[in-house]
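Novice:
In our numbering, the protein residues as written are 892 to 990.
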């Protein structure tokens, strides 16, 4: 029964962290539409947190028609992880609960 609670806790924490990161990516994308002050601490934080993930996708895709699709691709990958990996963790937890 302890393993059930442990795996469930990991799944919930992963779900929360991925949800928060999704909102951070959305905030960074919205801020990029205006000309933000590059010395603003919030802008610098958003850039430092999102750029390492967005940069490789942006390099592969490029900017298509002046639109950067990398935030949308990253959000889709996060959703895939949330539905697939967290779903598998929950299934695994329920299997341990049945034992």
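A virtual CB, placed ideally from N, CA and C, is assigned to each residue, including glycine.
Taking DSSP's pairing of strands, which residues face residue 958 in a bridge?
Specialist: In DSSP, residue 958 forms a bridge with 955.
Novice: For residue 930 versus residue 984, is the C-beta spacing smaller than 8 Å?
Specialist: Taking 8 Å as the Cβ cut-off, residue 930 and residue 984 do not qualify as a contacting pair.
Novice: May I ask which residues mark the beginning and end of the alpha helix (DSSP H) holding residue 925?
Specialist: Taken as a continuous stretch (DSSP letters only), residue 925 belongs to no alpha helix (DSSP H), as it is neither H nor E.
Novice: For residue 981, I'd like the list of residues in its chain whose CB is within less than 6 Å of its CB, leaving aside the five on either flank, ordered along the chain.
Specialist: Taken in chain order, the residues that qualify are 902.
Novice: Out of 974, 952 and 954, point me to the one whose CA is closest to residue 906's CA.
Specialist: That would be 974, whose Cα lies nearest to the Cα of residue 906.
Novice: Buried or exposed: residue 958, going by 16 or more other Cβ atoms within 10 Å of its Cβ?
Specialist: Under this definition residue 958 is an exposed residue.
Novice: Give a yes or no on whether the C-beta atoms belonging to residue 938 and residue 919 are separated by under 8 Å.
Specialist: Contact flag set, yes.
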